[in-house]
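Participant: Under the numbering used here, the first residue of the sequence shown is numbered 16, with each subsequent residue one higher.
Quick reminder that beta carbons are idealized off the backbone N, C-alpha and C, glycines included.
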Amino acid sequence: MAEAIQQLILDTLDKQGTIKDTRTLVLPGQSDPAATHDAQIIILGALNSLSSREMITYTTQETLSHVLTPEGASIALNGSHEALVWAAVPAKGEGEPITPKQLEEKIGGEAAKVGQGRAFKNKWIAKEGNGLVKLASSIDDATQKEMREVDSTGTLKAGEKALAELRKRKLITQKKGQWFTVHKGPSFSTSTAKPETDLTTDMLTSGAWKTSTFKKYNFEAEGVPTSGGALHPLLKVREEIRNIFLEMGFAEMPTSSFVESGFWCFDSLFVPQQHPAREVQDTFYLSDPSTSLDPPKKYYETVSKVHEHGGFGSTGYRAPWSDAESRKLLLRTHTTASSAAMLWKLAARCRGEKDDPEVEALAAHTGTTRSSKDTGDGFRPAKLFSIDRVFRNETMDATHLAEFHQVEGVVADRDLTLADLIGFMKVFFKKMGIENLRFKPAYNPYTEPSLEIFAFHPQLHKWVEVGNSGMFRPEMLEPMGFPKDVHVHGWGISLERPTMIRYGINNIRTLVGHKNSIESVEKSPAVRF
């Protein structure tokens, strides 16, 4: 079929010199000209094949036409909604008026609903009592006529305004078409024999090479560009933030445990068991398995006692403690669950226990911003950070996802103050290129005092929240075994928000998810704070 169409094009060019409109061609096996969109697509394939051999040249002409939607096709066949309403309504004085409900049962709910309004507007029907009657003895169904005209010609003599009205009513839809003008090329021939691509020994032996046509080599072709790996914008920003932490002497915490227990995610952080964040509308809980392994027994008993009865200077929450609530398995809502487990391991020496291997490994790479007094209680200062995924039962929109990243830092040392935390925040954000900061008092169940961090956004000309921070409460730290003079700073920011700001992205769903194209990832520039 393809070769037959190519031959048709070449023969027509040989006779006419030019094909002004390919819609006039009659394809092999057809009786009518190839005026349809599908026929022109078939012709385009033949044109591209001939053009690649420089046998022809062609130009593309585009057309716009209209086709009926299923609703429009139904109107063209059966009449408009308003005509159906008029036909179903009895003439005035010739029978009982028909009620709207009876009309819906007779011609269908959608036709009755749409048709009544237009029939009233055209003054074809009127209201009489609780029903409807005809006003006009005969009607001209202009909508049906328009549908049939569009179906046969693809347009309306009435013009664009009438077409726009039908598009608005979703009775027609616009369709692009194309046709071609064809001219002879520099290598025009009526033969469709493909040129030879290689010189063979048989051709040399027989002498066929003398009369053969050979395909030209394109020595200017650059070839197909090689594709390589590319880092997602989130990974680029993540690496920059990670380098800031490492530059400031932090060690990276292991945070591979996406599934945590309610104990480590909430209880160990002194979050009450009645807190709204623990409800199913905010947290993803596992159904199989649904309960965790036993936490450290002595620590668990201490935490439950502080929650229920108080201790370490706290009155506690004075609410019944639930073992079942504490043992629930969930997708962690923050990486602070991992920070709590790491701090408990860091306090092992203070409890008179052997160091955990993870803590030993981190201790070789971390220090603090101040010299720590050695009082013989086994405490060692630490600076730890993590950047990893967290999960919350959020309704997804332009700024929220159910899965996102949290950047978290922890500093543990003796006699730390709120001023130390504010000073550290200023240095940290300055390294990210953010210098104009404000701090606002806030509430967190596990930090006191707590601060929200705001930065001035020069493009938006307003202050935006960029992080949350605070000093972990004694009710959280002392049950772990830390001495009273050991304080811990904690703070967190999202990874997605600074990435969106850096790359000018206003919808998080174009940064992460199915709307994020591979091309945008490949072309995203490197980021430097």
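Rounded to a whole number of angstroms, what is the C-alpha to C-alpha distance between Pro87 and Pro112?
Facilitator: As a position in the sequence shown, residue 87 is number 72, starting the count at 1. As a position in the sequence shown, residue 112 is number 97, starting the count at 1. Correcting the residue identity first, residue 87 is Gly in this sequence and not Pro. C-alpha separation (whole angstroms): 29 Å.
Participant: Beta-carbon separation of Pro248 and Ser539 under 7 Å?
Facilitator: For this step, residue 248 is matched to residue 233 along the sequence shown. For this step, residue 539 is matched to residue 524 along the sequence shown. Closer than 7 Å, so yes.
Participant: Using the Cα positions of Pro310 and Phe278, report the straight-line distance between them to the nearest angstrom.
Facilitator: Reading the sequence shown from its first residue, position 295 is the one you call residue 310. Reading the sequence shown from its first residue, position 263 is the one you call residue 278. Cα to Cα, the separation comes out at about 8 Å.
Participant: Given a threshold of 16 other Cβ atoms within 10 Å of its Cβ, counted over all protein chains shown, does Thr351 qualify as buried or as exposed?
Facilitator: Sequence index remark: in the sequence shown, residue 351 carries index 336 (1-based). Counting Cβ neighbours within 10 Å, Thr351 comes out buried, since at least 16 surround it.
Participant: Would you mind working out which of Leu452, Ala151 and Pro494 sits nearest Leu482, comparing C-alpha positions?
Facilitator: The residue labelled residue 482 in the question sits at position 467 within the sequence shown. Sequence check: residue 482 is Gly here, not Leu. Looking at the Cα atoms, Leu452 is the closest of the given residues.
Participant: Please go through the same chain and pick out, in chain order, the residues whose beta-carbon is closer than 7 Å to the beta-carbon of Pro48, but skip the five residues on each side of it.
Facilitator: Mapped onto the sequence shown, residue 48 falls at position 33. Answer for Pro48: Arg38, Thr39, Leu40 and Val41, listed in chain order.
Participant: So is Thr33 buried or exposed if we call it buried at 16+ other beta carbons inside 10 Å?
Facilitator: On the sequence shown, position 18 is the one that residue 33 refers to. The residue is exposed, with fewer than 16 neighbouring Cβ atoms inside 10 Å.
Participant: Which residue's Cα is closest to the Cα of Glu423: Ala362, Asn521, Phe265 and Pro464?
Facilitator: Locating residue 423 in the sequence shown gives position 408, counting from the first residue. Minimum Cα distance to Glu423 is reached at Phe265.
Participant: Could you please give me the residues that DSSP links to Asn459 through a beta bridge?
Facilitator: Counting from one through the sequence shown, the residue named residue 459 turns up at place 444. Asn459 pairs with Thr462.
Participant: If we ignore side chains and look at the alpha-carbon of each, how far apart do Glu262 and Phe443 end up?
Facilitator: On the sequence shown, position 247 is the one that residue 262 refers to. On the sequence shown, position 428 is the one that residue 443 refers to. Cα to Cα, Glu262 sits roughly 10 Å from Phe443.
Participant: What residue does the alpha helix (DSSP H) around His324 start on, and which one ends it?
Facilitator: Here the question's residue 324 lines up with position 309 in the sequence shown. Run containing His324: Lys312 to His324, per the alpha helix (DSSP H) assignment.
Participant: How would you write the range of the beta strand (DSSP E) that Tyr73 sits in, first residue to last?
Facilitator: Here residue 73 corresponds to residue number 58 of the sequence shown, with the count starting at 1. Unbroken beta strand (DSSP E) run through Tyr73: Ile71 to Leu83.
Participant: Is it true that the CB of Gln45 sits closer than 7 Å to the CB of Gln193?
Facilitator: Locating residue 193 in the sequence shown gives position 178, where the first residue counts as 1. Locating residue 45 in the sequence shown gives position 30, where the first residue counts as 1. Against a cut-off of 7 Å, the Cβ pair of Gln45 and Gln193 comes out as no contact.
Participant: Taking all protein chains shown into account, do 16 or more other C-beta atoms lie within 10 angstroms of the C-beta of Gly485, making it buried, or fewer, making it exposed?
Facilitator: Looking up residue 485 in the sequence shown gives position 470. That one is buried.
Participant: I believe Ile20 touches Ile58 by the beta-carbon criterion, under 8 Å. Please report the beta-carbon distance rounded to the nearest angstrom.
Facilitator: Within the sequence shown, residue 20 is the residue found at index 5, counting from 1. Within the sequence shown, residue 58 is the residue found at index 43, counting from 1. About 6 Å; that satisfies the 8 Å criterion.
Participant: Nearest-angstrom Cα distance between Gly325 and Pro489?
Facilitator: Here residue 325 refers to the residue found at position 310 of the sequence shown. Here residue 489 refers to the residue found at position 474 of the sequence shown. Taking the straight line joining both Cα atoms gives about 11 Å.
Participant: What residue does the beta strand (DSSP E) around Phe487 start on, and which one ends it?
Facilitator: Numbered from its first residue, the sequence shown carries residue 487 at position 472. Element bounds for Phe487: Lys477 to Phe487.
Participant: Based on DSSP bridge pairs, tell me the residues matched to Ile34.
Facilitator: Working through the sequence shown from its first residue, we reach residue 34 at position 19. Paired residue(s): Val197.
Participant: Whole angstroms are fine: how far does the CA of His349 sit from the CA of Ala417?
Facilitator: By 1-based counting over the sequence shown, the position of residue 417 is 402. By 1-based counting over the sequence shown, the position of residue 349 is 334. Rounded to the nearest angstrom, the two C-alpha atoms are 12 Å apart.
Participant: Are there 16 or more other CB atoms within 10 angstroms of the CB of Arg333, so buried, or fewer, so exposed?
Facilitator: What you label residue 333 is simply residue 318 of the sequence shown in a count that begins at 1. Exposed: under 16 other Cβ atoms inside 10 Å.
Participant: Out of His504, Arg524 and Asp412, point me to the one whose CA is closest to Leu436's CA.
Facilitator: Your numbering for residue 436 matches position 421 in the sequence shown. Looking at the Cα atoms, His504 is the closest of the given residues.
Participant: Helix or strand or just coil, what does DSSP make of Phe520?
Facilitator: Counting from one through the sequence shown, the residue named residue 520 turns up at place 505. The displayed chain sequence assigns Ile, not Phe, to residue 520. Correct three-state label for Ile520: coil.
Participant: What does a CB cutoff of less than 6 Å around Ala98 pick up in its chain, not counting 5 residues either side in sequence?
Facilitator: Here residue 98 refers to the residue found at position 83 of the sequence shown. Excluding sequence neighbours, Ala98 sits near Asp156.
Participant: Within 10 angstroms of the Cβ of Arg385, are there 16 or more other Cβ atoms? Answer buried if so, exposed if not.
Facilitator: On the sequence shown, position 370 is the one that residue 385 refers to. With a pLDDT of 46 at Arg385, under the threshold of 50, the modelled position of this residue cannot be trusted; read the value that follows with caution. That one is exposed.
Participant: Please report the straight-line C-alpha distance between Glu119 and Val148, rounded to a whole angstrom.
Facilitator: What you label residue 119 is simply residue 104 of the sequence shown in a count that begins at 1. What you label residue 148 is simply residue 133 of the sequence shown in a count that begins at 1. Straight-line Cα distance between these residues: approximately 15 Å.
Participant: Bridge partners of His472, per DSSP?
Facilitator: The residue given as residue 472 occupies position 457 in the sequence shown. Answer by DSSP bridge pairing, in chain order: Lys477.
Participant: Which term fits Ala356, buried or exposed, when burial requires 16 or more other beta carbons within 10 angstroms of its beta carbon?
Facilitator: As a first step, residue 356 is located in the sequence shown; it is residue number 341 there, counting from the start. Ala356 comes out buried.
Participant: Quick check on DSSP: helix, strand or coil for Val295?
Facilitator: Looking up residue 295 in the sequence shown gives position 280. Coil, per DSSP.
Participant: With DSSP collapsed to three states, give me the class of Asp392.
Facilitator: On the sequence shown, position 377 is the one that residue 392 refers to. Reduced to three states, the DSSP call for Asp392 is coil.
Participant: Within a Cβ cutoff of 8 Å, which residues of the same chain sit near Asn408, ignoring the five residues on either side of it in sequence?
Facilitator: Within the sequence shown, the letter at position 393 stands for residue 408. Excluding positions up to five away in sequence, the list reads Val295, Gln296, Asp297, Thr298, Phe299 and Ala417.
Participant: I need the straight-line Cα distance from Pro226 to Pro210, nearest angstrom please.
Facilitator: Here the question's residue 226 lines up with position 211 in the sequence shown. Here the question's residue 210 lines up with position 195 in the sequence shown. Sequence inspection shows Thr at residue 226; the Pro mentioned does not correspond to that position. Thr226 and Pro210: Cα-Cα distance of roughly 11 Å.
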